[in-house]
Amino acid sequence: MSSPLHAAYCPDHAVLASVEVVENVPVARDTFRLRVTCAEMARRITPGQFVMLRLAGCNDPLLARPLALYDTFYETTDLTSDPPAMGSPAGLDVVYLRLGKMTRRLAEYRPGQLLEIWGPLGNGFELTAKANDIRLSHLMMVAGGIGQTPFLALAQEALGQKTYGSEPGRLPTVSRVSLCYGARSADYLAGIEDFEAAGVDVRLATDDGSRGHHGLVTDLVLDSLQGANPPDRIVCCGPEPMMAAVAGLAREHAVPCFVSLETPMACGIGICFTCVARVRDAHGGWDYKRTCVEGPVFDASVIEW
Amino acid sequence: MTGEPIDAVDLSVRLGRLTLRNPILVASGTFGYGREMAALVELQRLGALIPKTVTRQPRAGNAPWRTVETSAGMLNAIGLDNDGVDAFLAHHLPYLGGLPCPTIVSIAGAGVEDYVALARRLDDESAVAALELNISCPNVAGGVDFGTDPRMCHDVVTAVRNATGKPIIAKLTPNVTQIALMAKAAAEGGADAVSLINTVLGMAVDWRHRRPLLANVVGGLSGPAIKPIALRCVYQVAQAVTIPILGIGGIATIDDVMEFLVAGASAVQVGTANYYCPNATMTILDQLPAALRTLQATCVANVVGTLDTRAHGGPSHGDKH
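As they're listed, the protein sequences go chains Y and X.
The opening position of the first sequence corresponds to residue 1 in the working numbering, with each subsequent residue numbered one higher.
The opening position of the second sequence corresponds to residue 1 in the working numbering, with each subsequent residue numbered one higher.
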């Protein structure tokens, strides 16, 4: 077992706020987009990071839920300046699946109701921040179920359409971004128009064949890896078996692959040790790492599936 | 406003040989190693900080799922995941020692020799204000035995007493028939104080798949759901021992804190609330002076153990003026 320095990972940029729901609208079957105003958090958050969201003053459900940044939004745009000034973001959107006790309640929330939120949390994708010297030709994003939610902001940033976070110099580094997106059926596919508007090449798969490829999203991944213009970077988010399969395909084709793990969390800030995943160390062993502070994004090659 | 100065309330508390600036602590295992909370909590305002339990050797902890939410609470079976005392001294204690709030180190072991060895290792560390003996973790084989057998409880406290000059707090489990007997054993063994309660043994089941929701099958229940159990335990222990009690169990608000103080706790530890309301301790500290003044108290000790059981009868009696 390794000896990870647990305290080296802290949510140093997190803020805690009570926020009002601005919008909470259905975008697909059992799927909703929630918009909250929280300027300070929106200014700091980067693609792949998440926030913890809790029903204010509620003891049942008691705990907050982790939800990935879908996108930030801007309230006012100064059209008098040229080019129009965006200002800084006013808040953020998350997309969630109505599944359990908390999200069933959340889906009934109306504008003006209060939520408690803390973030930004987690490491996020380091794709563009680190790799200014590496220009990727094709970033492929692979999503299963509700796993598409971290990828819109990533695509917009990678294509140079939008900036996130307070660090300057996060530059466009990718010439092409594709999305392989699998769901149970067509009615669960959420936000395809958002990805297409961002210029993402979207390929779909459904279990029942109601839209796109009739089969698994991994079929699309293999097809792309074997085709012309294969990806030189893969990011993946979805159910664990799917991520393990994509990681395997990426390894076989020697393409770097990063996964965003969807482990259950209680706190999101590294204090409860709930959300651990088995992560390999340099000595051939593994240790449980907290995905909330050391992830949720990991190099797929270090995950012990 | 009358223009008169607001009566000053002394928030400091004495827990045996340990004096703290206020009675609001954070419970072991619910606050990481402190640093994780620095962005959200003004650590210097805490009465004391108790980092995650330390063991002699590194422990990987239990397999996921390690926690599951239940009605107004949560079950956990983390399994004392920690990097061992060497890593704690090298990487966590230096940070904790630099904080203005005292650090109480929670230790656990499988045998008396583990507790003694840990106590000796920590005895010279000036950053350690006191030791809390975790003799009540339900998620580790043998971890709870010291907390359920009065003789073993007495002996482990005595052994640690002989190994260190630091104040000792024994953390007790509610998973016994008579918690007061355990508290007495700890007091007779030489504990400066007792803290209670650790989690209540429980489980959760997914009947559709016929499987437990925790990989460890059983785990410890915490959160608001266990507050009545914790209050009962604090009350019973307060009748049985004279050493101070640190109340723990579902504390999230100022009302919770005041209930524990009145029931007999000299201080409290906020636990699970740190997960779902990371600044719960700060809100409590903001409201504590006013709450104490409500009872005409000028110091915390004025309200500790002031429960009047003769007052039973409820609001219907209160109406007969």
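Each residue gets a CB set at the ideal place from its N, CA and C atoms; glycine is no exception.
None of the values given here were measured: they were computed from a predicted structure.
| query | For Thr128(Y), does the three-state DSSP call read helix, strand or coil? | reply | The pLDDT assigned to Thr128(Y) is 49, lower than 50, so where the model puts this residue is not dependable, and the model offers no usable value.
| query | Beta carbon of Gly91(Y), beta carbon of Val36(Y): below 7 Å? | reply | yes
| query | Any C-beta of chain Y sitting closer than 7 Å to the C-beta of Leu118(X)? | reply | no
| said: Check for me: the beta strand (DSSP E) holding Tyr275(X) runs from which residue to which? | reply: Unbroken run through Tyr275(X) is the alpha helix (DSSP H), 273-276; no beta strand (DSSP E).
| Leu43(X) and Leu246(X) look like a contact to me (Cβ under 8 Å); what is the Cβ gap, rounded to whole Å? | Contact doesn't hold; Cβ gap of about 19 Å is too wide.
| query | Which two residues bound the contiguous alpha helix (DSSP H) that contains Ala63(X)? | reply | From DSSP, Ala63(X) is part of no alpha helix (DSSP H); its letter is neither H nor E.
| Can you tell me where the alpha helix (DSSP H) with Arg104(Y) in it begins and where it stops? | 101-106
| task | Determine the contact status of Glu20(Y) and Gly112(Y), defining contact as a CB-CB distance below 7 Å. | result | yes
| Of all the CB atoms in chain Y, is at least one closer than 7 Å to the CB of Phe260(X)? | no
| Rounded distance between the beta-carbons of Ala282(Y) and Thr274(Y), thought under 8 Å | Thr274(Y) to Ala282(Y), Cβ: 26 Å. No contact.
| message | Cβ closer than 7 Å: which chain Y residues qualify as neighbours of Ala38(X)? | response | Cys10
| DSSP three-state assignment for Gly285(Y), whether helix, strand or coil | coil
| field | Whole runs of the beta strand (DSSP E) within the region 28-94 of chain Y, excluding any shorter than 3 residues | value | 31-37, 50-55, 65-68, 71-73
| task | Return helix, strand or coil for Gly250(X), following the three-state DSSP convention. | result | coil
| Apart from the five residues on each side of it in sequence, which residues of its chain come closer than 7 Å, Cβ to Cβ, to Asn279(X)? | Leu40, Val41
| request: Using a Cβ cut-off of 7 Å (strictly closer), state whether Gly3(X) contacts chain Y. | output: The pLDDT assigned to Gly3(X) is 48, lower than 50, so where the model puts this residue is not dependable; a value taken from the coordinates is nonetheless given after this. It does not; no Cβ of chain Y falls within 7 Å.
| query | Would the beta-carbon of Phe32(Y) fall within 7 Å of that of Tyr96(Y)? | reply | yes
| query | Is there contact here, the region 184-201 of chain Y with the region 21-29 of chain Y, by at least three beta-carbon pairs under 8 Å? | reply | yes
| message | In the DSSP output, which residue or residues are listed as bridge partners for Trp207(X)? | response | DSSP lists no partner for Trp207(X).
| query | What is the DSSP secondary structure of Ser224(Y), counted as helix, strand or coil? | reply | helix
| Shorter than 7 Å from the beta carbon of Val302(Y) to some beta carbon of chain X? | no
| Could you check where the alpha helix (DSSP H) with Val156(X) kicks off and where it finishes? | 150-163
| Can Val156(X) be considered in contact with the ligand FMN, in the sense that its beta carbon sits closer than 6 Å to one or more heavy atoms? | Of the ligands one can find in the structure shown there are none, so the ligand FMN has no counterpart to examine.
| said: Please list the terminal residues of the continuous alpha helix (DSSP H) segment that includes Glu116(Y). | reply: Run containing Glu116(Y): none in the alpha helix (DSSP H); it sits in the beta strand (DSSP E), 114-121.
| said: Is there a C-beta anywhere in chain Y that falls below 7 Å from the one on Pro228(X)? | reply: no
| request: Starting from the Cα of Asp60(Y), find the closest Cα among Arg104(Y), Thr46(Y), Tyr74(Y) and give me that residue. | output: Arg104(Y)
| said: Distance cutoff 7 Å, beta carbons only. Does Arg208(X) sit that close to anything in chain Y? | reply: no
| query | How would you call Leu99(Y), buried or exposed, if buried means at least 16 neighbouring beta carbons within 10 angstroms? | reply | exposed
| query | Under 7 Å between C-beta atoms, does Gly249(X) make it to chain Y? | reply | no
| task | With 7 Å as the C-beta to C-beta threshold (strictly closer), list the residues of the region 272-283 of chain Y near chain X in chain order. | result | Cys272, Phe273, Thr274, Val276
| message | One question on the structure: do Gly223(X) and Thr298(X) come within less than 7 Å of each other, judged by their Cβ atoms? | response | no
| On the three-state DSSP scale, how would you describe Arg203(Y)? | strand
| Of all the CB atoms in chain Y, is at least one closer than 7 Å to the CB of Ser71(X)? | yes
| request: Mind checking which residues open and close the beta strand (DSSP E) that includes Asp187(Y)? | output: Looking at the DSSP string, Asp187(Y) is not in any beta strand (DSSP E), and its letter there is neither H nor E.
| So which residues on chain X does Cys38(Y) lean against when the C-beta distance must stay under 7 Å? | The contacting residues do not exist; Cys38(Y) stays about 14 Å from chain X at best.
| Spatial neighbours of Ala127(X) in its chain, beta-carbon cut-off 7 Å, leaving aside the 5 residues before and after | Leu93, Leu96, Gly97, Thr103
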